[in-house]
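Numbering (the UniProt record's numbering), first residue to last: 1 to 273. Where is the CB? At the ideal position from N, CA and C, for every residue including glycine. In this text the structure is predicted, and so the values were computed from the model without any measurement.
Structure below.
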């Protein structure tokens with residue numbers, strides 16, 4: 001399929017640069033992405049102006065064959081984008097206070113929907129506060145926008161194409177060894193999504209990322225795909241590969257979709273199968 005390349009200098013943003021862009025009056029839309037809704041509003045502290053969202057805001061309704069977090073319809077994601085006030089000129093920044101993969105899922109979905117400039121806040125809210133950024137419990141103001149989405153701007157996989165890519169290219173399961181050994185798509189290797197991060201929550205440097213993926217056979221021109229269980233950890237790995245200039249195919253449904261058909265083959269153990 002045809003997809004729009006992502007400029008590698010527009011994949012992430014540092015807390016310092018984000019503060020400067022906000023201070024300079026740039027059109028910045030910040031999304032705080034949680035795995036589940038914040039239940040204690042009084043304890044909610046986020047970057048000023050950030051919209052509080054969850055992973056479910058970037059997924060369509062689950063069906064018997066869709067997996068847990070299928071792609072949203074164009075109408076659904078467009079309504080959300082307009083509600084958040086995202087325009088074609090906005091710099092959109094995603095971060096998560098509790099799960100880096102959730103912020104990566106939001107980053108990927110917005111880019112897939114054709115939002116031109118979406119960046120992942122490297123280091124998250126901890127980096128923001130370390131850079132002197134304030135936090136607030138004030139809710140964000142509802143935005144207004146007439147943005148029109150164009151879905152399909154990034155490449156995806158389904159069950160069949162993921163299984164085929166495991167043989168023709170490199171398919172990576174982004175869970176740890178235990179989950180991989182229990183069940184994985186035959187032919188897939190594995191590298192946990194957390195391997196993309198340093199101990200302090202930043203993305204690893206480019207050379208470290210290249211070395212880790214090279215061990216799986218991934219080079220700059222390799223056709224590579226990523227999956228996990230519900231698609232979140234895989235999104236973090238897609239983001240990391242994009243950062244180092246490697247286009248990657250993303251399987252949104254991941255194993256939660258793949259295993260809805262009991263006739264699809266499954267491998268076990270630590271061998272690719």
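Alpha-carbon spacing of residue i relative to residue j, whole angstroms
i	j	result
residue 249	residue 157	6 Å
residue 165	residue 80	32 Å
residue 170	residue 25	43 Å
residue 54	residue 36	6 Å
residue 52	residue 20	22 Å
residue 222	residue 67	27 Å
residue 141	residue 238	31 Å
residue 234	residue 225	9 Å
residue 12	residue 56	22 Å
residue 48	residue 10	22 Å
residue 145	residue 46	23 Å
residue 220	residue 118	22 Å
residue 154	residue 232	16 Å
residue 160	residue 261	11 Å
residue 82	residue 175	34 Å
residue 92	residue 18	10 Å
residue 90	residue 29	7 Å
residue 44	residue 134	13 Å
Residue(s) in a DSSP beta bridge with residue i
i	result
residue 189	172
residue 51	31
residue 119	93
residue 248	224
residue 346	With the chain running from 1 to 273 in the structure shown, residue 346 is simply not present.
residue 239	Paired residue(s): none; residue 239 is not in a bridge.
residue 184	267
residue 203	197
Min CB distance residue i to chain C below 8 Å
i	result
residue 226	Within the model displayed, chain C is absent; a lone protein chain is all it includes.
Other residues of its chain near residue i: CB distance less than 6 Å, five sequence neighbours each side excluded
i	result
residue 94	31, 33, 103, 106, 107, 120
residue 127	15
residue 143	84, 85
residue 198	204
residue 244	206, 209, 210
residue 114	149, 150, 153
Residue i burial status per 10 Å Cβ neighbour count (16 or more: buried)
i	result
residue 111	buried
residue 168	exposed
residue 137	exposed
residue 1	Residue placement at residue 1 cannot be trusted, given a pLDDT of 39 that sits under 50; what the coordinates show is reported in the next sentence. The residue is exposed, with fewer than 16 neighbouring Cβ atoms inside 10 Å.
residue 269	exposed
residue 109	buried
residue 100	buried
residue 148	exposed
Proximal residues to residue i (C-beta, below 8 Å), its chain only, five neighbours per side dropped
i	result
residue 259	183, 266
residue 73	60
residue 70	59, 60, 61, 62, 63, 252, 253, 257
residue 186	163, 166, 265, 266, 267, 272, 273
residue 202	122, 123, 127
residue 189	170, 171, 172, 173, 216, 217, 272
For residue i, three-class secondary structure by DSSP
i	result
residue 1	Since pLDDT at residue 1 reaches only 39, below the 50 mark, its modelled position is unreliable, and the value read off the structure follows with that caveat. Coil at residue 1, not helix or strand.
residue 46	strand
residue 81	helix
residue 267	strand
residue 13	strand
residue 274	This structure cannot speak to residue 274, because the chain is shown only from 1 to 273.
residue 259	coil
residue 75	helix
Same chain, Cβ closer than 7 Å to residue i, neighbours up to 5 away in sequence not counted
i	result
residue 98	34, 35
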